[in-house]
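Protein chains in written order, with this note's numbering: chain A, 295 to 609; chain B, 295 to 609.
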């Protein structure tokens with residue numbers, strides 16, 4: 295099979311042996327695979343794949359069709375349209391992964407859109423709901439709202455009945471974020487003066503948190519899943535005590551097989567029905583062919599895009 | 295009744311009207327009342343009592359005898375030896391408080407010791423167990439370990455079957471902390487080089503956390519309840535994500551009546567039986583008469599003491 299391959303910090307399309315699914319795994323013929331910040335870090339040699347995943351094939355999410363199943367898989371999965379997060383190896387024509395990590399793609403959704411769903415929506419759901427305990431009527435503040443996870447977070451928080459404040463630098467994106475459910479759209483400079491919030495989905499890091507920590511309500515939960523705009527942050531411990539605030543750092547990629555199965559199960563129950571009913575969507579900033587990976591990664595790295603960047607994998 | 299009274303930043307013994315217990319409250323004749331950092335802040339005008347509590351009488355914990363009960367109290371509480379946390383007003387001869395906030399004092403325990411139990415042990419239990427989810431076999435790091443809450447935390451963590459690392463500046467205190475259950479006793483300078491820990495009970499603040507954040511295990515929980523040694527802290531967000539760490543700030547004093555009842559219930563079930571069986575103790579740094587409050591507060595504020603400072607309240 296062919297796959298994007300990291301060779302000395304560059305991407306090349308190379309042939310690889312067909313992956314062998316284990317007894318409880320499936321083999322997916324990949325039709326589309328989203329690009330994530332982790333892929334760029336991995337290409338630079340800064341973020342190794344966790345054990346058990348391809349070391350040199352990037353890609354943390356995919357959509358495609360199940361073409362083989364392990365001996366002990368009992369569910370009828372052959373031929374199903376699926377999408378999934380993986381620990382690496384999504385950006386190739388075939389990928390083996392645990393059968394319990396699959397999400398079923400709704401009929402109306404294209405593979406390109408589905409290839410941009412799992413990482414963003416699972417990450418945002420886990421951060422906002424499982425860790426942030428966001429509830430209806432509460433206020434969520436989402437930084438980096440125009441990116442893949444941000445756009446997912448805005449829709450999820452809105453679907454849960456929360457009030458959503460979306461932070462993005464581009465004025466153009468404000469209208470699109472409001473159409474996806476944001477109640478307020480603001481720039482980074484305006485964060486310090488908004489009304490109090492209960493949950494922060496932190497996708498930027500220190501640059502945003504310095505302002506956001508001034509507008510936290512009592513019992514606020516801050517879930518940090520991205521630090522592109524500042525890795526160290528001056529936390530005000532006394533204010534944190536007075537308001538009984540919690541700050542949690544999180545990643546998905548390094549979780550165990552069982553932990554991932556649990557978060558996939560929750561998303562399957564909570565979000566996939568809403569996706570099927572077109573309450574959720576995957577805005578695509580742009581779709582590239584696998585052969586255009588360099589251009590796709592460069593486009594992903596540049597500011598100003600809205601939504602996901604996805605690689606199309608042709609037969 | 296007579297009570298310590300804050301008058302323009304000083305303490306005076308003054309007469310006050312007898313407090314009136316509400317329908318579900320009790321009136322306690324106070325025999326002893328611990329001193330806490332909050333009392334010193336309140337004397338300076340920096341920490342007002344929460345609504346519903348005496349504004350000018352310090353004292354957040356007491357031990358004594360129930361001498362009156364509200365109309366709707368059904369439990370037979372009259373004459374019982376009790377101790378409790380209160381929102382303020384403990385350092386006087388009488389104090390009214392919710393009946394559901396009482397802990398029963400074991401027969402073998404003096405009022406002086408009991409007067410130093412509730413704030414320290416409830417605070418440490420809530421932070422280590424309820425918020426920090428400390429479990430047997432895990433490692434707890436406790437800063438400021440020679441203070442009232444620290445000494446309670448060391449004993450609680452040890453009683454739960456955790457491994458305890460106690461941090462204190464005084465070499466003299468190391469042996470006493472080991473006799474209370476600490477497995478390792480270290481100074482602040484040594485924190486950065488210990489083996490990984492799962493829960494941090496943070497009583498000092500930034501000065502300790504800067505080192506402690508380098509020795510956190512995956513999934514570590516840091517519970518911040520004191521910031522005397524530094525209020526702002528440079529949190530490494532990327533490390534926090536990689537290890538999926540949680541930092542929580544907490545206080546007891548501002549909690550609602552029901553929240554306090556819940557934490558008292560847990561301590562009553564989990565710790566009072568161990569206290570009765572002499573598994574837990576309240577080391578007293580020194581006991582002062584209520585009339586010696588200035589000297590007592592000064593002694594409390596000075597470094598080098600081990601355990602609680604308690605005011606004795608004579609009839």
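Here a beta-carbon is modelled for each residue, glycine too, at the ideal position from N, C-alpha and C.
Where do the N-terminal and C-terminal ends of the alpha helix (DSSP H) with residue i fall, by residue?
i                      : result
residue 561 of chain B : 551-564
residue 537 of chain A : 531-537
residue 582 of chain A : Counting along the chain, residue 582 of chain A falls outside any alpha helix (DSSP H), though it belongs to the beta strand (DSSP E) covering 578-583.
residue 448 of chain A : 442-453
residue 333 of chain B : 331-337
residue 416 of chain B : 412-419
residue 408 of chain B : 405-409
residue 470 of chain B : 466-473
residue 321 of chain A : No alpha helix (DSSP H) contains residue 321 of chain A, which is instead part of the beta strand (DSSP E) from 319-328.
residue 501 of chain A : 500-506
In whole angstroms, what separates the C-alpha of residue i from that of residue j?
i                      : j                      : result
residue 458 of chain A : residue 363 of chain B : 48 Å
residue 507 of chain B : residue 390 of chain B : 42 Å
residue 481 of chain A : residue 447 of chain A : 17 Å
residue 460 of chain B : residue 466 of chain A : 54 Å
residue 475 of chain B : residue 469 of chain B : 10 Å
residue 306 of chain A : residue 326 of chain A : 17 Å
residue 440 of chain B : residue 498 of chain B : 11 Å
residue 572 of chain B : residue 453 of chain A : 54 Å
residue 620 of chain B : residue 477 of chain B : Since the first and last residues shown for chain B are 295 and 609, residue 620 of chain B lies out of range.
residue 569 of chain B : residue 309 of chain B : 35 Å
residue 473 of chain B : residue 374 of chain B : 32 Å
residue 556 of chain B : residue 578 of chain B : 27 Å
residue 394 of chain A : residue 487 of chain B : 40 Å
residue 520 of chain A : residue 600 of chain B : 43 Å
residue 552 of chain A : residue 392 of chain A : 10 Å
residue 607 of chain B : residue 324 of chain B : 6 Å
residue 422 of chain A : residue 318 of chain A : 30 Å
residue 372 of chain A : residue 297 of chain A : 22 Å
residue 609 of chain B : residue 596 of chain B : 29 Å
residue 399 of chain B : residue 303 of chain B : 33 Å
residue 500 of chain B : residue 479 of chain B : 20 Å
residue 369 of chain A : residue 587 of chain A : 34 Å
residue 502 of chain A : residue 483 of chain A : 9 Å
residue 404 of chain B : residue 583 of chain B : 15 Å
residue 442 of chain B : residue 330 of chain B : 8 Å
residue 444 of chain B : residue 426 of chain A : 29 Å
residue 464 of chain A : residue 562 of chain B : 55 Å
residue 378 of chain B : residue 554 of chain B : 10 Å
residue 301 of chain B : residue 384 of chain B : 16 Å
residue 322 of chain A : residue 388 of chain A : 6 Å
Can you tell me the Cβ-Cβ gap for residue i and residue j, rounded? I've got them flagged as a contact below 8 Å.
i                      : j                      : result
residue 347 of chain A : residue 320 of chain A : Wrong, their Cβ atoms sit about 15 Å apart, outside the cutoff.
residue 299 of chain A : residue 350 of chain A : 5 Å
residue 580 of chain B : residue 558 of chain B : Actually they do not touch by this definition, with Cβ atoms about 27 Å apart.
residue 451 of chain B : residue 428 of chain B : 6 Å
residue 354 of chain A : residue 382 of chain A : 7 Å
residue 560 of chain B : residue 424 of chain B : 7 Å
residue 576 of chain B : residue 397 of chain B : Contact flag wrong, Cβ pair sits at about 12 Å.
residue 505 of chain B : residue 485 of chain B : 4 Å
residue 328 of chain A : residue 413 of chain A : 6 Å
residue 605 of chain A : residue 449 of chain A : With a Cβ gap of about 23 Å, residue 605 of chain A and residue 449 of chain A do not count as contacting.
Between which two residues does the beta strand (DSSP E) containing residue i stretch?
i                      : result
residue 307 of chain A : 304-309
residue 518 of chain A : 510-518
residue 383 of chain B : Where residue 383 of chain B is concerned, there is no enclosing beta strand (DSSP E), given that its DSSP letter is neither H nor E.
residue 436 of chain A : 433-436
residue 606 of chain A : 602-606
residue 595 of chain A : Note, residue 595 of chain A: premise wrong, no beta strand (DSSP E); alpha helix (DSSP H) at 587-595.
residue 356 of chain A : 355-363
residue 297 of chain B : 296-301
residue 351 of chain A : Run containing residue 351 of chain A: none; DSSP gives neither H nor E here.
residue 456 of chain B : Where residue 456 of chain B is concerned, there is no enclosing beta strand (DSSP E), given that its DSSP letter is neither H nor E.
residue 493 of chain B : 491-496
- Query: Does the count of Cβ pairs from the region 355-370 of chain B and the region 340-347 of chain B closer than 8 Å reach three?
  - Reply: In this structure the region 355-370 of chain B does not touch the region 340-347 of chain B; the number of beta carbon pairs closer than 8 Å is below three.
- Task: Give a yes or no on contact between the region 488-500 of chain B and the region 424-435 of chain B, applying the rule of three or more CB pairs nearer than 8 Å.
- Result: Output reads yes: the region 424-435 of chain B touches the region 488-500 of chain B.
- Task: Decide yes or no for the touch test of the region 544-553 of chain B against the region 403-420 of chain B: beta carbon pairs closer than 8 Å, at least 3 of them.
- Result: The answer is yes - the region 403-420 of chain B touches the region 544-553 of chain B, with three or more Cβ pairs under 8 Å.
- Is the number of C-beta pairs between the region 531-541 of chain B and the region 401-414 of chain B that are closer than 8 Å three or more? With a cut-off of 8 Å on Cβ pairs, the region 531-541 of chain B is not in contact with the region 401-414 of chain B, counting fewer than three such pairs.
- Any contact of the region 521-532 of chain A with the region 524-532 of chain B, i.e. 3+ C-beta pairs under 8 Å? Yes, they touch.
- Message: Measuring CB atoms only, is the region 508-524 of chain B touching the region 507-518 of chain A, in the sense that at least three cross pairs come out at less than 8 Å?
- Response: These segments do not touch.
- Query: Can we say the region 329-337 of chain A touches the region 589-603 of chain A, given the rule of at least three CB pairs closer than 8 Å?
  - Reply: The answer is yes - the region 589-603 of chain A touches the region 329-337 of chain A, with three or more Cβ pairs under 8 Å.
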